[in-house]
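The listed protein sequences derive, respectively, from chains C and H. If you read the first sequence in the numbering used here, its first letter stands for residue 102, the second for the next number, and so on. If you read the second sequence in the numbering used here, its first letter stands for residue 56, the second for the next number, and so on. Think of the CB as a built atom: it goes at the ideal place given N, C-alpha and C, for glycine as much as any other residue.
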Amino acid sequence: MTDNLRVRFSLSMALAIAVAAPALAHHGTAVNYDSSKTMTLEGTVTEFRWRNPHSTLFLDVTDESGTVINYAIELPSPTLMSRGELGWTRHTFKPGDHVVFQVHPSRTGAPVVLGGCTQECEVLINGEPAKKEY
Amino acid sequence: MWNLRRASSMVTVLALTNLSCTAFAQSDPADSQTEGTESQNLTGVWYPRSSTAGFPMSQWSPQELPFTEEGRAAFDANLPGKGPRERLPALGNDPLGTANPPGLFRTLVYPRPWQFIQAPGQIVQLFEWGKHWRTIWTDGREVAEEIVSGPFWYGYSVGRWEGDTLVVTTNNLDGRQWMDEWGTPMSEYDATIEERWRRVDDETLELTITVIDPEIYSRPWTSAVKTYKLQSKDSEYGEPFEQIFAPIDEAVFNERVRDPLAEGPIPVE
């Protein structure tokens, strides 16, 4: 019973905290990315920079061959993110967190991606939807 | 909320007591060069709501700009990461990318809130973007000639009221700034830009600029109307915060995000 409740609560939280596209799409470096494509990045946080000009989440991602690549996920500035519906802070991601994040790839194939997607998408931290903290 | 009834009662109070206004009240009509009107109140936090859809060259104009030969060369030399001439920012030369100030006119077309505070003889404009500010002097002084300590990224501005329109002349501009995100140029020292601000209703401010810069433009040109909406205190953009591009942060961003984006295995022009 408890497990079922927990799963149902997680799903409803996921829907409630789904990342709205505009908050992550108002962006100064859109030309770098292919917004027509979406991929899911899964990895371990190495660093979270909550800084101007744009915040960045760094993940160690292990590819199919077992090679670890450090990806940078570009995000909006702290000011913009604080105004959206995300409710994230500089404490939202910590080194060692396991994260699942839907992103747009770079046009050059570089390991730098744009956080978010053109439809609502979900960010998981250690299996749970990223928490709305305010 | 600014409305006619409140404005009328405030004018009555000012007439009876001859008070000079505080920074958060209407401007004192006695400070303007024309008879005061109830609409000479630009106070508040404002957020831009204008479209540049279809603009061919500049975020300021739906028309092609009348460049001189030198102006065209300056335009071509500016390599933006946005607009009709966008390219990967790492392959461009946007001065913002190395933590230079955005400058006045680029800030006026950028989607960040700013605030007008009116006081006797001056109107101060505070910008969240870059945490910069400027003063529009409305104390009757003459338009500035060359100011020895300039030029300035935010220029030197002198304003006067023409009815309900605030006419501002800004010069002494540091022309290394871009006028917008798309790389619209100005001359290094000699641009004069006239701004016309008008509050068309409670919630709406309109701006047009006329650019007089013979080195870059063969004739003066006037912009499209830019619209700004009043932000209430509790709205999303109701409080300007701070967005500073510190060199320490720009350097890290460029090294770890901007530049690697141009170095992947797939060639992109």
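Relative to the Cα of Val213(C), the nearest Cα in the group Leu316(H), Asp304(H), Asp257(H) belongs to Leu316(H). The DSSP-derived three-state label of Arg191(C) is coil.
Boundaries of the beta strand (DSSP E) around Pro103(H): 99-103. Taking a 10 Å sphere around the C-beta of Ile191(H), we find 16 or more other C-beta atoms and assign the residue as buried.
Counting every other CB atom within 10 Å of its CB across the protein chains shown gives His155(C) a total of 16 or more, marking it as buried. Interface residue (Cβ-Cβ distance to chain C less than 8 Å): Arg254(H) is not classified as such. For a Cβ distance threshold of 9 Å, residue set Arg150, Arg152, Asn153, Pro154 of chain C lies close to Asp304(H), ordered along the chain.
Within the DSSP secondary-structure output, Glu249(H) pairs in a beta bridge with Thr224(H), Thr265(H).
For Asn148(H), the secondary structure class from DSSP, reduced to helix, strand or coil, is coil.
Proximity of Val312(H) to chain C, defined by a Cβ-Cβ separation below 8 Å, is satisfied. Exclusion of the five residues before and after Asp245(H) leaves Asp268, Glu270 as the residues of its chain whose Cβ lies within less than 7 Å of its Cβ. In this structure, the CA atom of Glu119(H) is about 6 Å from the CA atom of Met112(H). Interface criterion not met: the Cβ of Phe182(H) is under 8 Å from no Cβ in chain C. Along the region 135-149 of chain H, going in chain order, the ones with a CB nearer than 9 Å to a CB of chain C are Gly136, Lys137, Glu141, Arg142, Leu143, Pro144, Ala145. Ala173, Glu175, Ser178, Thr180, Arg184: these are the residues of the region 173-200 of chain C whose beta carbon lies less than 7 Å from some beta carbon of chain H, given in chain order.
Residue range 211-217 is occupied by the beta strand (DSSP E) that includes Ser212(H). When the beta-carbon positions are compared, Leu134(H) and Arg142(H) come within less than 8 Å of each other. For Val169(C), none of the residues of chain H pass the 8 Å Cβ criterion, the least Cβ distance being about 16 Å. The C-beta of Gly210(C) comes closer than 8 Å to at least one C-beta of chain H. Residues of chain C whose Cβ lies closer than 9 Å to the Cβ of Gln170(H) do not exist, since the nearest Cβ in that chain is about 15 Å away.
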